[in-house]
Every structure is written in C-alpha cells, then in structure tokens.
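So the sequence shown is numbered by numbering that gives the first Met the number 0: it starts at 0 and just counts up by one.
Think of the CB as a built atom: it goes at the ideal place given N, C-alpha and C, for glycine as much as any other residue.
If you're wondering where the values come from, they're calculated on a predicted model, not measured in any experiment.
Here's the structure we're looking at; comments come further down.
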Amino acid sequence: MTMLKVGLALGSGSARGWAHIGVIKALGDMGIHPDIISGCSVGALVGGSYATGHLDDLETWLKTLRRKDVLGFFDLNLSSGGLIAGERLMNFFRDRVGDATIELLPVPFAAVATDLNTGREIWLRSGSLLDAVRASISMPGIFTPVRIDDRWLVDGGLINPVPVSICRAMGADIVIAVNLNGGIVGKHLSADTAKSRNASNALDSDQAPGTLATRLKSSLKNSVDTMLSQVWRSENDAPGLFDVLASSLNIMQDRITRSRMAGDPPDILITPRLEHLGLLEFYRAAEAIEEGMLSTLQAKQTIRQILNTGL
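In structure tokens:
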C-alpha cells in the first residue's frame, strides 16, 4: 500500500505564527510528521526551523523572550524601503537555528514571497534558508525588501497567505493548512493617540535641535518607537500609524486567504484563535503555542478520519 504524503501549509500572521509550533507538536503527538512543508512569512520561519530539526530550540528560546527583548530585534533603517532592516532578527534566527541549503533539507521545504516589481508569487525552494525566510517575512513598509536573483522580494502574505498550492505542487496527497487570519479584521484599532501626536509633532517643533535631516531622523525614530509601543495596547479610541497599517494588512490578508482557499481548499484546516494578539507581540509565544496545540487537538477526530480514509 502506498503511503500518502502529508503536506503542512503554515500561514502568515506575525506574532500569531508561534501557534504553528503548537500545531506541529500536537500533530507529532498523534504520530503525524509532515512529509512536505510550505510556509508564508512567520510560517516560513517556523517551517524552516522544523525542516532543519531545530524546532525545539526555537521554542525554548521564544519562551524566554520578554517585551524589551522584542524591541531589541528592530534596527531602524531610513535609507531603504522599510522602517526596519531586520538584520538583528535574522541574526538571532541564525544563532539558534542556523542556516542551511533548502534543497538539502531532510524535509522538502518551500517559502513563498512576492516579487515587488511584477506582483508574481515566488516559490523559494533552493538556496539559503535564511534568505528565503527573510524574504518571506518582509512585511511591506515595516521590513526592508530582500534582493534574490535580481528580484526585490517582500512578504508572501500579499499574494498567498496560506500556501496550500505549494504543498500540492510539491507532491502532497493530503494538505493540512494552518490559517492564522481568522477573526483578525479590526483587532488593531487600539492606538495610543497621545504618543502618536507627540511623535508626529516633533517635526513641527521649533525647539527641535540640529539640522532638518537630524530632526527628520529623530522624528522618524520616535515614530517607529511609538509604532512599536502601540503593539502593547492602549485604551484610546483613535487609530494611530501602526494600528492603521496593521488593520489594513489584516483586512487584505483575510480577504486574500478566503479567496485563495476557496479556489484551492486544504483537506484539513486548523484555525487557531489568536485575534487578541498584537502583530508584533512576539514575547507572548507560550499562549500562541498553547492555542496551536488546542486547536489541533480539537480537530483530532477529523484529522484521523481524513488520514485513515485517504480521501
């Protein structure tokens, strides 16, 4: 009897993406070990960690993170196409997971990114794992784009937030998909208006020292600090810069996810409920991982039935 190949499509979702770790752990407890992994954005990061055999190392490190640690990941870059260069984040990933050549991984793996020039969906199935992950997580306006093979690449979530199609193309008979975008629309409209106003007013202040360029850089840095601080929630009603950006991305990803999965539905869909997590609240890994495990266990009967019948 031919064994069915199980593909696992891990979706985008920023800090919600740590739920993927819980999903993989719960599947492992059921004796299910994916034969093929595709990932988008944070799904590429977690999927790459699994494919290299370092998922436990990643989980251990994530559970040590605190709010101040997360802020230390971000390196302001005003000379490129994003506010954050992302090098510190990838250095942490390199130190704890390492780099590898994708085509030599023991588990077939692909990350999805978007060609900024053509809008095409790019499947990264060879070369540096770190480069592929970095391209896939390049959220427009936040992280700077990545150049690979003469193409500028950004977040795959722009075009394929839950990459079911890649798993099928790589030979999966059954695809388990993890969608992190359920219920997220409108969940980031909780900005700290006072901080936003203080940051935006820095440019207009006659008291700001130095040249215009210095003042501009200082103001933008304050804006980034404010943007990041807004992730930690506030009680004011008016949306600020980061809340508008995050909510817009949520709307886009929700609609694209619905459209893509309607055209190419997975055989099994797992949807962790993490809409209460902020986009960059990476330090809340423990609760995201737990929700990933719980949502997978809730689907246990369906998973068993589909895998046993082979559709």
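Are any of the Cβ atoms in chain D nearer than 8 Å to that of I305? No chain D appears in the structure shown, which is made up of a single protein chain.
T143 to V153, Cα distance in whole Å? 8 Å
Grouping DSSP H, G and I as helix and E and B as strand, with all else coil, what is A131? helix
Quick one: residues in its chain with C-beta nearer than 6 Å to the C-beta of I173, no 5 flanking neighbours on either side, listed in chain order? L3, V5, D266
Would you say the stretch 5-16 touches the stretch 268-280, given that touching needs at least three Cβ pairs under 8 Å? The stretch 5-16 vs the stretch 268-280: in contact.
Figure out for me which residue from P107, G27, R283, D253 has the closest Cα to the Cα of T270. D253
Please go through the same chain and pick out, in chain order, the residues whose beta-carbon is closer than 7 Å to the beta-carbon of A131, but skip the five residues on each side of it. Excluding residues up to 5 positions away in sequence, A43, I101, A110, L123 lie with their Cβ nearer than 7 Å to the Cβ of A131 in the same chain.
Beta-ladder partner(s) of E120, from DSSP: T113
Could you tell me the alpha carbon to alpha carbon distance between R150 and Q304, rounded to whole angstroms? Straight-line measurement puts the Cα of Q304 at about 43 Å from the Cα of R150.
Segments of 3+ residues assigned as beta strand (DSSP E) that fall wholly inside the stretch 260-300: 267-269
CB of F91 within 8 Å of CB of G46, strictly: no
Might you give, ordered along the chain, the residues of its own chain that have their beta carbon closer than 6 Å to the beta carbon of D34, omitting 5 neighbours on each side? K4, V5
CA-to-CA distance, G262 to L129, given in whole angstroms: Answer to the nearest angstrom: the Cα atoms are 30 Å apart.
Which of helix, strand or coil DSSP assigns to A171: coil
Give the straight-line distance between the Cα atoms of D114 and F72, rounded to the nearest whole angstrom. 25 Å
Quick test of your reading: C39 and P162, contact by CB under 8 Å. State the CB separation rounded to the nearest angstrom. 5 Å
Do you know offhand how far I20's Cα is from G291's? 7 Å
Report the start-end ranges of each beta strand (DSSP E) in the stretch 18-60 that is 3 residues or longer and not cut off at the edges. 35-39
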